[in-house]
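Numbering (this note's numbering), first residue to last: 69 to 470.
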């Protein structure tokens, strides 16, 4: 099958809308720290619940290729998306903050893992390589809108005097609508001869994993994991950060979400036409600057909002660039496996790091968390610098031989 571009506008718009609705479920997890605190727990308890999702995402990522072969990618997302509905309802209805919430953390990981992995693979199969970065940006912009809207639901519920659990109920309903849309999209995709249906997503194997990790795509895979640590650490405990500075946490999500969405939907089409190595270096550097701002430059609501906007632009566009690099630098016929590993690395960071982050906050405070996130962001930026240096040296050697 040969990918085609551009994709039909109506089809892709429905695809993005369904992705937005499902993403609300994951966005609601950023309210878990607040929810658990209201039930007598602390940040470490919240981190434990969120990190449980990491375990199930390993299963989800590995199984997603098999599911897509059997059911079709869109139908697989619809079937496992039901678990996102269950997770949101479980968070709202389960009393306390113990084993029950951890069970629903596992449930969330299964549903979110399959959706987050197969969504980009659908795009990669629909779109020619030269168009992938742009379409990845639009898809991730839609998902980021949903993720960022989750915490804002909690803020709106609080403003209207409703319990925090209301946000989880709304997220569950939205995810259910998203599930139904993906089911219908699956029927449509199967009827199209040149679109992604069943049997076209390759299963992941040890051999394909070695091929991908032995290629240049491994750098993008490592970077998305580090970026996931930054995003997961800051977002999952932003309510604690804001409280320690006497600020409103909704400002972070408004600024971050607005910047990430705007940059992905408006600026990304310009950025993806530039040199990807330089773009990754500049944008990951901007993400590093944002962490420095959170650590030393936030004194009032304006500086807080500015730091969030800076993070949104840096993280939002870096993700789109390295997503394209992971797909395009993968070995021949290994693009689906590269995107599976890309998603797996992201989940390790975004779900695994909050466990450490919650423990750091409880035992050493928010400044220690920020210091660890700063170190991760610095490592992420250094990878891009070293790649630029290596490419320059390699070109120089080639010219000398010539």
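Glycine included, each C-beta is placed from N, C-alpha and C at the ideal position.
Here the structure is a predicted model, which means the values were calculated and not measured.
The segment 399–417 contacting the segment 346–363, beta-carbon criterion three pairs below 8 Å: no
Nearest-angstrom Cβ-Cβ length linking residue 187 and residue 247, presumed shorter than 8 Å: Actually they do not touch by this definition, with Cβ atoms about 13 Å apart.
Local Cβ density within 10 Å of residue 306, reported as buried at 16 or more and exposed below that: buried
Range covered by the alpha helix (DSSP H) that runs through residue 125: 111–139
DSSP three-state assignment for residue 419, whether helix, strand or coil: helix
Residue environment, residue 219, which counts as buried when at least 16 other CB atoms sit within 10 Å: buried
Assigned secondary structure, residue 177 (DSSP; H/G/I helix, E/B strand, else coil): helix
Buried or exposed (CB count within 10 angstroms, at least 16 for buried), residue 278: exposed
Ranges of the alpha helix (DSSP H) found wholly within the segment 311–372, counting only runs of at least 4: 317–330, 336–339 and 344–360
CB of residue 214 within 8 Å of CB of residue 293, strictly: no
Beta-carbon gap between residue 356 and residue 445 smaller than 8 Å: yes
Residue 240, DSSP secondary structure in three states: helix
Same chain only: Cβ atoms within 6 Å of residue 364, ignoring 5 sequence neighbours per side: none
Nearest residue (CA-CA) to residue 94, options 237, 105 and 226: 237
Residue 245 to residue 427 span [Cα, whole Å]: 36 Å
Outcome for residue 256 when other beta-carbon atoms lying within 10 angstroms are tallied against a minimum of 16: exposed
Among 164, 155, 361 and 285, nearest to residue 455 - alpha-carbon criterion: 285
Residue range of the alpha helix (DSSP H) that includes residue 300: 285–304
Buried or exposed by the 16-neighbour rule on C-beta atoms within 10 Å, applied to residue 78: exposed
Sequence-distant residues of its chain with Cβ nearer than 6 Å to residue 124 (five each side left out): 174, 177 and 178
Sequence-distant residues of its chain with Cβ nearer than 7 Å to residue 378 (five each side left out): 354, 357, 358 and 361
Contact the segment 98–112 vs the segment 159–171: 3+ CB pairs below 8 Å: yes
Cβ-based burial, residue 223 [other Cβ within 10 Å; buried from 16]: buried
Endpoints, alpha helix (DSSP H) assigned at residue 202: 197–227
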